[in-house]
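Report on the following structure.
In our numbering, the protein residues as written are 1085 to 1387.
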């Protein structure tokens, strides 16, 4: 173990991972307003959308228009999920500077999620990664089910390590380790990261926890103790996995920020502005507020 990092980067995923599974679909104007406010809070990395079939994922319709209207703010990088060649073509046309590709550590989950095996998914992304790199586009990798699978149960850590390495060798500068159904615990998190640090640089590892069992903050703390400095989160805890009954979604950005502030770890993110974004998302747009820190702080402000 090493000492806690002095600074952590929060990757805000609510505009994509948070919104993509919602029945309530935001307009382009609403998505632009949300992302602009998030950028104004000091967040420097924001997942702005995905170039997927609008018939399959209606909330991500018009992502190119959304990205085209976002403020060109110094130090802020917007990314988009690109599942296939058509998605990459759209991302390049929209001027995206970073794309994300994804696979899973579970064969069953991967087949149900993207309709192919793990090996087939990596083969599909090979030419996409090559083209993106040739255009100077950054590539981020997502790996699902690193803590467990809704179909297969426990996933061997060596499998996770091997696939993380595969994504890195494919050209991903960073791989986000996803606890898709929120079953992880700090011990497994630290054991996994220790294994990964034997073959990958620390800066190539990010974490993405869902809070199904209330373990997300504990897992993030465990990852911080191992030197991880990049954490995915979602305003109001929006999003989550439909396969986990009772899942409460992604870990809330407000909750993570409150913990990091308490630890004296710098993020550059302003809580007050983040609470305004929370209010826009929950009170104005009608989404549920799963952030305990936001609810407590907003309650305090009303007094």
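Glycine is no exception: its CB is placed at the ideal position from the N, C-alpha and C atoms.
query, result
"Label residue 1288 either buried or exposed according to how many other C-beta atoms from any shown protein chain fall within 10 Å of its C-beta, with 16 as the threshold for buried.", "buried"
"Tell me which residues share the same chain as residue 1252 and place their Cβ nearer than 8 Å to its Cβ, disregarding the 5 neighbours each side in the sequence.", "1225, 1259, 1284 and 1288"
"Is the beta carbon of residue 1228 closer than 7 Å to that of residue 1262?", "yes"
"Looking at residue 1155 and residue 1107, is the spacing between their C-beta atoms short of 7 Å?", "no"
"Flag this pair as yes or no: are the beta carbons of residue 1099 and residue 1136 separated by less than 7 Å?", "no"
"Enumerated in chain order, which unbroken segments of the beta strand (DSSP E) with a length of 3 residues or greater are wholly contained in the stretch 1330–1365?", "none"
"Below 8 Å on the Cβ atoms is my guess for residue 1381 versus residue 1339; work out the distance and round it to an integer in Å.", "Not really, about 11 Å apart at Cβ, beyond 8 Å."
"How is residue 1095 classed by DSSP in three states: helix, strand or coil?", "strand"
"Can you name, in chain order, every residue of its own chain whose Cβ lies under 6 Å from the Cβ of residue 1138, other than the five neighbours on each side?", "1145"
"Where does residue 1102 fall in DSSP's three states?", "helix"
"Check whether the stretch 1185–1203 touches the stretch 1158–1167, taking contact to mean three or more Cβ pairs, one atom from each stretch, closer than 8 Å.", "yes"
"From 1199, 1342 and 1384, pick the residue whose C-alpha is nearest to that of residue 1320; which is it?", "1342"
"What number of angstroms, rounded off, separates the C-alpha of residue 1250 from the C-alpha of residue 1221?", "19 Å"
"Residues in the same chain with beta-carbon distance under 8 Å from residue 1211, minus the five sequence neighbours each way, listed in chain order, please.", "1169"
"How many angstroms separate the CA atom of residue 1104 from the CA atom of residue 1171?", "16 Å"
"Nearest by alpha-carbon distance to residue 1230: which of 1203, 1118 and 1248 is it?", "1248"
"Would you kindly report the start and end of the unbroken beta strand (DSSP E) that includes residue 1227?", "1222–1228"
"Report buried or exposed for residue 1030, applying the criterion of at least 16 other Cβ atoms within 10 angstroms of its Cβ.", "Residue 1030 lies beyond the residue range present for the chain, which begins at 1085 and ends at 1387; the question has no answer from this structure."
"What residues in its chain sit with their C-beta under 8 Å from that of residue 1374, if we drop five residues either side in the sequence?", "1295, 1320, 1321, 1322, 1332, 1333 and 1336"
"Is residue 1222 near the ligand GTP - that is, is its Cβ less than 6 Å away from at least one heavy atom of it?", "In terms of ligand content, the structure shown is empty, and the ligand GTP therefore cannot be addressed."
"Who does residue 1162 pair with in a DSSP beta bridge?", "1130"
"Could you pull the start and end residues of the alpha helix (DSSP H) that residue 1137 belongs to?", "Note, residue 1137: premise wrong, no alpha helix (DSSP H); not H, not E."
"Within 10 Å of its beta-carbon, does residue 1129 have 16 or more other beta-carbons around it, so buried, or fewer, so exposed?", "buried"
"Checking the sheet assignment: what are the DSSP bridge partners for residue 1315?", "1094 and 1291"
"Would you report the Cα separation of residue 1190 and residue 1364, rounded to the nearest angstrom?", "36 Å"
"State yes or no: is the C-beta of residue 1123 within less than 7 Å of the C-beta of residue 1157?", "yes"
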